[in-house]
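Number of protein chains: 2
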Amino acid sequence: MSRWQLARRAERLNPSTIREILKITERPGIVSLAGGLPSADTFPVAALQEATARVLREQPREALQYAASEGHGPLRDWVAAELATQGLRCDAAQVLITTGSQQGLDLVGKVLIDPGSTVAVESPTYLGALQAFAPYEPEFIALEGDDEGPLPEALASARGARFVYLLPNFQNPTGRCVGAARRLALVARAAALGLPIVEDNPYGDLWFDTPPPPPLAASAGVGDDGGAIYLGSFSKVLAPGLRLGYVAAPKAIYPKLLQAKQAADLHTPGFNQRIVFEVIKDGFLRDHVPTIRARYKVQRDAMAAALDKHMPPGCRWQLPVGGMFFWLTLPAHIDATTLLPAAVEAGMAYVPGSAFFPQGGHANTLRLSFVTASPAQIGQAVAALGRVLAAA
Amino acid sequence: MSRWQLARRAERLNPSTIREILKITERPGIVSLAGGLPSADTFPVAALQEATARVLREQPREALQYAASEGHGPLRDWVAAELATQGLRCDAAQVLITTGSQQGLDLVGKVLIDPGSTVAVESPTYLGALQAFAPYEPEFIALEGDDEGPLPEALASARGARFVYLLPNFQNPTGRCVGAARRLALVARAAALGLPIVEDNPYGDLWFDTPPPPPLAASAGVGDDGGAIYLGSFSKVLAPGLRLGYVAAPKAIYPKLLQAKQAADLHTPGFNQRIVFEVIKDGFLRDHVPTIRARYKVQRDAMAAALDKHMPPGCRWQLPVGGMFFWLTLPAHIDATTLLPAAVEAGMAYVPGSAFFPQGGHANTLRLSFVTASPAQIGQAVAALGRVLAAA
């Protein structure tokens, strides 16, 4: 009889609550506002068909063979040039292509977190980051914040942390966007404390009226002796099923991230990298991304109107100026997890907010996605939520 | 000034020697026998073109959206059915699709290895496995072996190890294939010791005259209370640039591997999974894989003949009955690493064997791939190697 013995870090791996919720809400007849998925209507299928055919016609041997762990050279060049337009100066040699930006989070955790070391995160923050970091056994420090983002003075509580993990643009789950002044204050405070920044930016392109301020990494730097690692993704502007993201990292860290990447999966599929490069190389995203923004803005407006109309007194939310999510704070006595079955019964679903908090709690919060349901469905689902909340 | 501090495990991440060698040997005019790459001539480009077009025409929304961490259902079913033909009984629910089988190794390490715990490996063994396991800080136990594989009695030295990692089919780097009786003896001894087996089988389909004996996992079991985890790959029978592999694991381990997979990259590209399923679902590999075997056998024969003709006395090798590699043991006074520049100067390249040994040493060994060079190139490169060795 074989004795399988799990590593201690495996205790920190847990089934995703959200996964379970998504399974429930795949039932027909449910309007799910629970998913963190982009709208499939935004996938540029024709461009991908053309690019895929071209790659398999013109460079099949290269696209289908083993490839460099760093990623496809021209795609790394493209990323470095794109980051430069955001004020983030780095050499293509500091760009690592990853299997979705989720893998970037895993590599960052693997290379920087020791058991018992501390990592500072927003509270709430992206659940997938907590899941990526957790098996490396950090202690999480929850940063205090307000509607504009984490408080610069809260960084003092993170002194000595391996890094502070921040999503300044239309954060998942709250949708909040950190303003320019707050960004500079956060970077200055982090620098004064010697605190490295890991900046995650999957949603930055999805702004509705004006682009967000420059990334934190633009002032903290990802160059030779930079203070930030920056993570980006093609999942929200092209398609997540391609699993393509990237990391830009200072030279103090890059070689170790690269070695961890090589150990993790040798390299991200060259096939996918070459297809995406073919799609975007001549400026495709300049025309495509505005169509996503326009679509999501209509849906955001539909949800804003529905919330105004249907939410009972005592519920609070902020209007997101980009991204995919509304974040609701319910009256303190309402537990969003307990309430979920009633909501599903009423024909809609959301994600309870508790899982996004590194220390749990905050049972009276929930996340709504406005990008996968139509405006009419959004109206219907939010009305149903309003009835369920009023009854509670 | 930010203080980046590396995790202790990052010390165990190292630049790959082989990577460096491959860079050197990409120079024009060099016939490289160093790579571990399959021949690009075997990539089924037409079938992939057709399947890719079909996926993007018929199921673009599903293929391009986020997907289940377990993998694409029909592909998991296919894998379970394929394993059954090898005597390996498991439910599709125990199959996890991975981003290449390299990722399977990383997930196994993450879930099973604690710092200071022991892992038993063949000596030499696959370098990528050493690299995947190393950051989880195990102590490696090198199993004694002979030309037929690791010795069953050597497993006693691995008592208490988290697992023993074995590649019974045409191993990388030695090319050796473990016989049926040896396999049963290894499984019996491992079971008696309570020692879990991690079996890696990237090359099993590449046999030349007769198929290898059933996998170790067929007798150890990957079922409910099985004693083995089994790793497979599409890299050698379709194309590595798609990064598609799989793990079959007992129910005691599967949920943790799945959670680790989700934390690592959410899921393997659904696009790639659906394309590969479209290619293989109607039996494509039954016709395709024999063409790879026939091609590689011709190349194997060319290398065998060239070695017989050109190697100076004192060099030893075994005829591989499948796979991609010859393994050479040189006279004890010759250091293959020191000799490499002279070989490159003479127009050929190989991989020195030392890196494949968990405890290093064995400087007088080297690996030759016979699958990426033509028979004529193989003859020429081996002749050059012979001259360099004779001069040493």
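Chains as they are written, first to last, in the working numbering: chain P, 1 to 392; chain C, 393 to 784.
Glycine included, each C-beta is placed from N, C-alpha and C at the ideal position.
* To do: List the DSSP bridge partners of F669(C).
  => Beta-bridge pairing links F669(C) to no other residue.
Are the region 457-468 of chain C and the region 613-625 of chain C touching by the rule of at least three beta carbon pairs closer than 8 Å?
Under the Cβ criterion (8 Å, minimum of three pairs), the region 457-468 of chain C does not count as touching the region 613-625 of chain C.
Going by Cα to Cα distance, which pick from I489(C), I422(C), S394(C) is closest to V668(C)? If we check each option's Cα against that of V668(C), I489(C) comes out closest.
For this session: Would you please verify whether the beta carbon of G510(C) is less than 8 Å from any beta carbon of chain P?
Result: The sequence shown places Thr at residue 510(C), rather than the Gly named in the question. False, the Cβ-Cβ gap to chain P never drops below 8 Å.
Is F43(P) helix, strand or coil when you go by DSSP? It is coil, neither helix nor strand.
- Using 8 Å as the limit for Cβ to Cβ distance, is Q803(C) near chain P? The shown model of chain C, from 393 to 784, leaves out residue 803(C), and the question about it has no answer.
Exercise for the section: Report the rounded CA-to-CA distance for G175(P) versus N169(P), giving the unit in angstroms. Expected result: The alpha-carbon atoms of G175(P) and N169(P) are separated by roughly 8 Å.
**Report entry** Inter-stretch contact at 8 Å, needing at least 3 Cβ pairs: the region 100-120 of chain P / the region 135-154 of chain P
**Finding:** With the cut-off at 8 Å, the region 100-120 of chain P and the region 135-154 of chain P touch.
May I have a chain-ordered list of the alpha helix (DSSP H) segments no shorter than 4 residues that lie completely inside the region 202-227 of chain P?
Restricted to the region 202-227 of chain P, the alpha helix (DSSP H) segments that are unbroken, complete and at least 4 residues in length are 216-220, listed in chain order.
From V187(P), A376(P), G100(P), residue whose alpha carbon lies closest to that of A306(P):
For A306(P), the closest of V187(P), A376(P), G100(P) by C-alpha to C-alpha distance is A376(P).
Could you name the residues that DSSP lists as bridge partners for Y165(P)? Looking at the DSSP output, Y165(P) shares a beta bridge with V121(P), V198(P).
Residues in the same chain with beta-carbon distance under 7 Å from D601(C), minus the five sequence neighbours each way, listed in chain order, please. These residues qualify, in order along the chain: V713.
**OP:** Could you work out which residues of chain P lie near Y622(C), taking near to mean beta carbons separated by less than 9 Å?
**Re:** By Cβ distance, chain P contributes nothing, its closest Cβ being about 13 Å from Y622(C), past 9 Å.
Within the same chain, show all residues whose beta-carbon is closer than 8 Å to that of G128(P), passing over the 5 residues directly before and after it, in chain order.
Contacts found: Q102, L105.
Thinking C-alpha only, which one of F140(P), A363(P), Q5(P), A47(P) is nearest D282(P)? The option with the nearest alpha carbon to D282(P) is A47(P).
(message) Distance check for R446(C) and L608(C), CA to CA, integer angstroms please.
(response) L608(C) and R446(C) have their alpha carbons spaced roughly 37 Å apart.
Exercise for the section: Could you list which residues in chain P have their beta carbon closer than 8 Å to that of A787(C), in chain order? Expected result: Within the shown structure, residues of chain C are numbered from 393 to 784, placing residue 787(C) beyond reach of any answer.
inquiry  = Taking beta-carbon pairs under 8 Å, can you tell me which members of the region 656-681 of chain C lie near chain P?
reply    = The region 656-681 of chain C vs chain P, Cβ under 8 Å: A656, D657, L658, H659, T660, P661, G662, F663, N664.
Item checked: Pick from G227(P), P211(P), V178(P) that is closest to A192(P), judged by C-alpha positions -> Per the Cα distances, G227(P).
| said: Please tell me whether T683(C) has its Cβ less than 8 Å away from any Cβ of chain P. | reply: Chain P contact via Cβ: absent.
Relative to the C-alpha of C90(P), which residue among L231(P), H310(P), D205(P), G386(P) is closest?
-> Per the Cα distances, L231(P).
### Query
So, is Q691(C) buried or exposed, given that buried needs 16 or more other C-beta atoms within 10 angstroms?
Buried: at least 16 other Cβ atoms inside 10 Å.
Practice task
Give a yes or no on contact between the region 148-161 of chain P and the region 380-390 of chain P, applying the rule of three or more CB pairs nearer than 8 Å.
Solution key: Cβ pair count under 8 Å is below three, so no.
- Would a check of beta-carbon distances place Q59(P) closer than 8 Å to chain C? False, the Cβ-Cβ gap to chain C never drops below 8 Å.
Q | Alpha carbon of F43(P) to alpha carbon of T660(C), nearest angstrom | A | About 18 Å.
- Query: When DSSP labels each residue in this structure, what does I378(P) get in the three-state scheme?
  - Reply: Three-state result, I378(P): helix.
**OP:** Taking 8 Å as the cut-off, decide whether the C-beta atoms of L389(P) and M303(P) are in contact.
**Re:** Not a contact, by the Cβ cut-off of 8 Å.
**Prompt:** Are the CB atoms of F663(C) and P516(C) nearer to each other than 8 Å?
**Reply:** 8 Å or more divides the Cβ of F663(C) from the Cβ of P516(C).
inquiry  = I want to see whether chain P comes within less than 8 Å of V513(C), judged by CB atoms only; does it?
reply    = Among the residues facing chain P, V513(C) is not included, as its CB has no counterpart in that chain under 8 Å away.
Checklist line | Secondary structure of S625(C), DSSP reduced to three states | finding: Note: S625(C) maps to strand in three-state DSSP.
Using DSSP bridges, identify the partner residues of F718(C). The partner list for F718(C) (beta bridge, DSSP) reads L760(C).
Review point. Going by Cα to Cα distance, which pick from L758(C), V639(C), L634(C) is closest to L56(P)?
Key: Per the C-alpha coordinates, the member of L758(C), V639(C), L634(C) positioned closest to L56(P) is L634(C).
- Item | Nearest neighbour of L13(P), chosen from L649(C), Q486(C), P682(C), D679(C) [CA to CA] | Its Cα nearest to that of L13(P), the residue L649(C) stands out among L649(C), Q486(C), P682(C), D679(C).
Can you check whether the C-beta of R481(C) is within less than 8 Å of a C-beta belonging to chain P? So no, R481(C) is outside the interface.
- Does DSSP put E536(C) in a helix, a strand or coil? In the displayed model, E536(C) falls within coil according to three-state DSSP, outside both helix and strand.
Worksheet item: To the nearest whole angstrom, what separates the beta carbons of R453(C) and A342(P), a pair I think is in contact under 8 Å?
Response: The C-beta separation of R453(C) from A342(P) comes to about 30 Å, leaving the pair out of contact by the 8 Å criterion.
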